[in-house]
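S.K.: Below is the structure I would like to discuss, written out as structure tokens.
There are 2 protein chains.
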Amino acid sequence: MKIIITLLTFFLAFNVFSQNDEEMLKEIFNTSMNSSNSYELLDYLSNEIGGRLSGSLNAERAVKWGEKELNNLGFNKVWLQELMVPKWIRGPKEFALIETQPGVTFNVDVCALGGSVATPSVGIKANVVEVKSFEELKKLGKGNIDGKIVFFNRPMQSNLISTFQAYGEAVSQRTNGAAEAVKYGAIGVIVRSMGLRLDDNPHTGTMSYGNLPESKKIPAAAISTNAAEKLSDLLIINPKLKFLLRQQCKQYNDVISHNVIAEIKGSEYPDEIILIGGHLDSWDLGDGSHDDGAGIVQSMDVLNIFNKINYVPKRTIRVVLFMNEENGTRGAKKYSEVSKKNNLNHIFALESDAGGFSPRGFSFTSNLKNFKRILSWKKLFEPYLIHSFLLGGSGADIAPLKNGNNVLAGLRPDSQRYFDYHHTSIDTFDAINKRELELGAFAMTSLVYLFDKYGIVK
Amino acid sequence: MKIIITLLTFFLAFNVFSQNDEEMLKEIFNTSMNSSNSYELLDYLSNEIGGRLSGSLNAERAVKWGEKELNNLGFNKVWLQELMVPKWIRGPKEFALIETQPGVTFNVDVCALGGSVATPSVGIKANVVEVKSFEELKKLGKGNIDGKIVFFNRPMQSNLISTFQAYGEAVSQRTNGAAEAVKYGAIGVIVRSMGLRLDDNPHTGTMSYGNLPESKKIPAAAISTNAAEKLSDLLIINPKLKFLLRQQCKQYNDVISHNVIAEIKGSEYPDEIILIGGHLDSWDLGDGSHDDGAGIVQSMDVLNIFNKINYVPKRTIRVVLFMNEENGTRGAKKYSEVSKKNNLNHIFALESDAGGFSPRGFSFTSNLKNFKRILSWKKLFEPYLIHSFLLGGSGADIAPLKNGNNVLAGLRPDSQRYFDYHHTSIDTFDAINKRELELGAFAMTSLVYLFDKYGIVK
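Now the structure itself:
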């Protein structure tokens, strides 16, 4: 009997919401779908500003735009939080070809990885060693690698429902490939693009040399998945083929940039902060509509929707447009550092940085007592098919705010198409569907509403 | 206590599946995502055959292709089921303009509705009356309508999570608009396209004149949502503006066509049939990739996946490629008619005809005892985020098979983008994502597997 009661308690007893909340979600839904301005905001950010890598002129334009738009929304206070960001410039379009024998060449689509050094101006040209893992690299050793270009070609796994998981299992090739390959004398690395589809779009993204001195750094580039397949096939026919890579990217000294922060003071619990955010910077190849323009405008839309339904938050709402998520997360570091110094109490933080696709639910970083309550809210989201609530993971910009008591969350849109666009030249506004973007804003506003109303379990 | 036990029973007691099923779904998933051939099949159907309206040469090409591909899959038996289908031809591209005053004109994007008559070869030109509903039309009456063109401009509702519901609430304007307007002396109708997005693509689709004699029929066209907005705005400024419409479509006599049917006999219960299908015909403007090429290749893929995992069905599996869903559902009628005559026992039928997008779940037409069991299977699909199981609705082609004992189901993909493509020139192969298509095939194969293993509750 005790078991039965316990089970019943689990299933039935702790619905921390009321019918009023169902109605509120409906009102938020209607407002999102009928009078959101997220799509128009994103149109401007994507098409009038465009790609906005940290340290670039466009990134500063985006800061000014964000400040202006947040002021338009009627926040009590909007300010810029200064920080230093890396400045890396791609330079002229990269060039690469496969030479199977003198005079027989195939052009391939590549792009420098963010943070990579340049090749000499004539490029590098060398034999290629294909590997699927760092273990394989190690096994081959200096004897087989020295003086060559290492080609990391482990594809993202198709048979994972979360493409982010597939990304997580493959991305070390990009982030650490150069640092690993240089140990064995490689003169450059080319990395299969982090995408699941076979296409011609190379995917950029951040990489690191660790503590390697400047003189030891080797150039690192991504190659499109189609070209990776081609190179792999050609290597079987002719293991002695040569690869030519030319890129003229450069790392400059750090420059000043900013997080953009907006705040509306809570009417009852002004010391309890609820943060909503995304990152304002993007890679330079596309216009960053999915990564992470969508998250920026959805975050802004939360207050827009609250305004439209005349909802006065009990807790302090902050919208933060983080700078430099892509290649340094310096914005996140600065924000959490200042927050800690000022003893700010972030009870809940929500990030949207997984694309502007149809939302499927949220992931949470939470203790169990709060997660139990959160699970009871699932029912509220089920009519909108946004009812996948998982434990584990929030967002790169808010992760440093974790303190064991508070709750962090990430919006989880459908991930199937995300890595078709991520860090490529086709991450552009035309790949955004207005309804899907608005559904994300609805989901975020609803979750913020619930945390504002109920707070967290202490 | 009784209530508690009842509740517990509801929550816990009737999981009709085993751990083995979880493993089987995993295997089906891996096979779908790693070695499906649905995308390649769809590439051929969409790009090498293309749009395939009933009665067209392309529709017959599609029949031959379907027959060949089903034979390739190793069915015991593949055959064509003859039927008569309507033959309607669009003719040269339609033309329309708004004339606000003599010499001041705006071209607008229109297309004839399927089944419409032509205008005179010079077109029709008349004043326009905008209405949102048949009630409004009736209220205006003959005095305001006679000799004019009626413009049906009620948009699909944005604030419904299911865009199919929004479609259902707006589509009578298209299907019955002409028959209604002609009662009050209208000389033509233009209908706001059945889409949620503002764009320039007119959406075709079927319409009916009811029992109207040939001489009374008036031309009916769809106008793009952007043009509908423009026309509506211009009508406010100038209610006397004129609209010119020219279309040369024509209805011919019915012609012979075919359903394509493939069968593999059940090893244990050969008399219990499980049907999987979609419709082979499409509208003529695009290549019908989402509507319903996706459903066709996903249905085929079920057997492909069964073959690859060496699964031998206990019940008879039929794949049916229905002809003429779009403008007559004659294939569905013929199939159910022949099935009834032969006393065939379809215990389960599954249709995919809602696009090739990321699957969210299924809708079911089922009695409660079967639906209860089906609900217990939800858990199996939850790890794949395909866990929205709703009661109500299956598919137009299988609906006639309903008998009160059996179960009918429809695959329910994410619907947010569907009506951006539906019945337009942009319903083409490039709008299909390979993973999303394969996830649908996985979901369908898994559900078919469960019905094959467990049958239905009698």
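Those protein sequences? They're chains A and B, same order as listed. So the first sequence is numbered by our numbering: it starts at 2 and just counts up by one. So the second sequence is numbered by our numbering: it starts at 2 and just counts up by one. Note that CB positions come from ideal geometry on N, CA and C, so glycine has one too. The structure presented is a predicted model; accordingly, all values stated were derived computationally and were not measured.
Can you list, in chain order, the residues of its chain whose CB lies under 7 Å from that of Ile226(B), leaving out five sequence neighbours each side?
M.R.: Before going on, a small fix: residue 226(B) reads as Thr here, not Ile. Hits under 7 Å: Arg193, Ser194, Gly196, Arg198, Leu199, Asp200.
S.K.: Flag this pair as yes or no: are the beta carbons of Leu138(B) and Val151(B) separated by less than 9 Å?
M.R.: For Leu138(B) and Val151(B), yes; Cβs fall inside 9 Å.
S.K.: How many Å lie between Asn73(B) and Asn59(A) at the Cα?
M.R.: So the alpha carbons of these two residues sit roughly 55 Å apart.
S.K.: Residue range of the alpha helix (DSSP H) that Ala119(A) falls in?
M.R.: From DSSP, Ala119(A) is part of no alpha helix (DSSP H); its letter is neither H nor E.
S.K.: How should Val190(B) be labelled, buried or exposed, when 16 other C-beta atoms within 10 angstroms of its C-beta is the threshold for buried?
M.R.: So Val190(B) counts as buried.
S.K.: Gln102(B) to Asn239(B), Cα distance in whole Å?
M.R.: Whole-angstrom Cα-Cα distance: 9 Å.
S.K.: Exposed or buried, what is Val313(B) when buried is set at 16 or more other beta-carbons lying within 10 Å of its beta-carbon?
M.R.: It counts as exposed.
S.K.: Out of Glu273(B), Asn328(B), Val183(B), state which residue places its alpha-carbon closest to the alpha-carbon of Trp85(B).
M.R.: What sits at residue 85(B) in the sequence shown is Met, not Trp. Of the listed residues, the one whose Cα sits closest to Met85(B) is Asn328(B).
S.K.: Tell me whether Phe452(A) sits in a helix, a strand or coil according to DSSP, three-state version.
M.R.: Helix, per DSSP.
S.K.: I believe Ala410(A) touches Phe443(A) by the beta-carbon criterion, under 8 Å. Please report the beta-carbon distance rounded to the nearest angstrom.
M.R.: 15 Å between Cβ atoms; not a contact.
S.K.: Does any residue of chain B have a CB that is nearer than 9 Å to the CB of Ile162(A)?
M.R.: By this cut-off, Ile162(A) is an interface position.
S.K.: Sorted by chain position, which residues of the same chain lie with C-beta nearer than 6 Å to Ile399(A)'s C-beta, five sequence neighbours on each side aside?
M.R.: Around Ile399(A): Ala350, Glu352, Leu409.
S.K.: Looking only at its chain, what residues have a beta carbon closer than 6 Å to the beta carbon of Ala397(A), apart from the 5 residues adjacent to it on each side?
M.R.: The residues are Glu326, Thr330.
S.K.: Grouping DSSP H, G and I as helix and E and B as strand, with all else coil, what is Asp421(B)?
M.R.: Asp421(B): helix per DSSP, three-state reduction.
S.K.: So with Cβ pairs under 9 Å, would you call Ser447(B) a contact of chain A?
M.R.: It does not; no Cβ of chain A falls within 9 Å.
S.K.: Between the region 42 to 61 of chain A and the region 264 to 273 of chain A, do at least 3 Cβ pairs fall closer than 8 Å?
M.R.: No, the region 42 to 61 of chain A does not touch the region 264 to 273 of chain A.
S.K.: Counting only runs of 3+ residues fully inside the region 259 to 330 of chain A, write out the beta strand (DSSP E) ranges in chain order.
M.R.: Counting only runs of 3 or more, we get 270 to 280, 316 to 323.
S.K.: Please check if any C-beta of chain B sits within less than 9 Å of the C-beta of Lys435(A).
M.R.: Taking Cβ atoms only, chain B reaches closer than 9 Å to Lys435(A), which makes this a yes.
S.K.: On the criterion of 16 or more Cβ atoms from any shown chain inside 10 Å, does Ile257(A) qualify as buried, or is it exposed?
M.R.: It is exposed - the Cβ of Ile257(A) has fewer than 16 other Cβ atoms within 10 Å.
S.K.: Measure the alpha-carbon distance for Gly294(A) versus Leu440(A) and round it to whole angstroms.
M.R.: Gly294(A) and Leu440(A): Cα-Cα distance of roughly 15 Å.
S.K.: For chain A, is any of its Cβ atoms less than 9 Å away from the one on Asn38(B)?
M.R.: Asn38(B) does not count as touching chain A.
S.K.: If we count the other Cβ atoms within 10 Å of its Cβ and call it buried at 16 or more, is Lys140(B) buried or exposed?
M.R.: The residue in question, Lys140(B), is exposed, as its Cβ has fewer than 16 Cβ neighbours within 10 Å.
S.K.: Closest Cβ-Cβ distance between Ser389(B) and chain A: below 9 Å?
M.R.: Cβ-Cβ to chain A under 9 Å: yes for Ser389(B).
S.K.: Taking 9 Å as the threshold (beta carbon to beta carbon), is Gln417(A) in contact with chain B?
M.R.: Judged by the 9 Å Cβ criterion, Gln417(A) is in contact with chain B.
S.K.: Please tell me whether Ser359(B) has its Cβ less than 9 Å away from any Cβ of chain A.
M.R.: It does: the Cβ of Ser359(B) has a partner Cβ on chain A nearer than 9 Å.
S.K.: For Met34(A), which residues in chain B fall below 7 Å Cβ to Cβ?
M.R.: Those within 7 Å of Met34(A) in chain B are Ser159, Asn160.
S.K.: Considering only C-alpha positions, which residue in the set Arg361(A), Val449(A), Ile274(A) is nearest to Ile162(B)?
M.R.: The option with the nearest alpha carbon to Ile162(B) is Arg361(A).
S.K.: Compare the C-beta of Asn48(B) with all C-beta atoms of chain A and state if any pair is closer than 9 Å.
M.R.: Asn48(B) does not count as touching chain A.
S.K.: Among Arg155(B), Lys218(B), His204(B), which has the Cα closest to the Cα of Tyr185(B)?
M.R.: Nearest option by C-alpha distance: Lys218(B).
S.K.: Quick one: Cα of Ala263(B) to Cα of Glu83(B), how far?
M.R.: The alpha-carbon atoms of Ala263(B) and Glu83(B) are separated by roughly 14 Å.
S.K.: Assign Leu232(A) to one of two classes, buried (16 or more other C-beta atoms within 10 Å of its C-beta) or exposed (fewer than that).
M.R.: It counts as buried.
S.K.: Show which residues of chain A have a CB atom less than 7 Å away from the CB atom of Leu386(B).
M.R.: Within chain A, the residues near Leu386(B) are Ile162, Arg361, Ser389.
S.K.: Determine which residues share a DSSP beta bridge with Arg193(B) and list them.
M.R.: According to DSSP, Arg193(B) bridges with Ile224(B).
S.K.: By Cβ distance below 7 Å, which residues in the same chain neighbour Cys112(B) in space, the five residues on each side in sequence not counted?
M.R.: Closer than 7 Å at the Cβ level, and outside the excluded window around Cys112(B), lie Glu95, Pro203, Thr205, Ala222, Ala223, Leu286.
S.K.: Nearest to Leu93(A) by alpha carbon, out of Leu451(A), Glu136(A), Cys250(A)?
M.R.: Going by the sequence as given, residue 93(A) is Pro instead of Leu. The shortest Cα separation from Pro93(A) among Leu451(A), Glu136(A), Cys250(A) belongs to Cys250(A).
S.K.: Please list the partners that Arg198(A) has in chain B, where partner means a Cβ-to-Cβ separation under 7 Å.
M.R.: Under the 7 Å cutoff, chain B gives Lys435.
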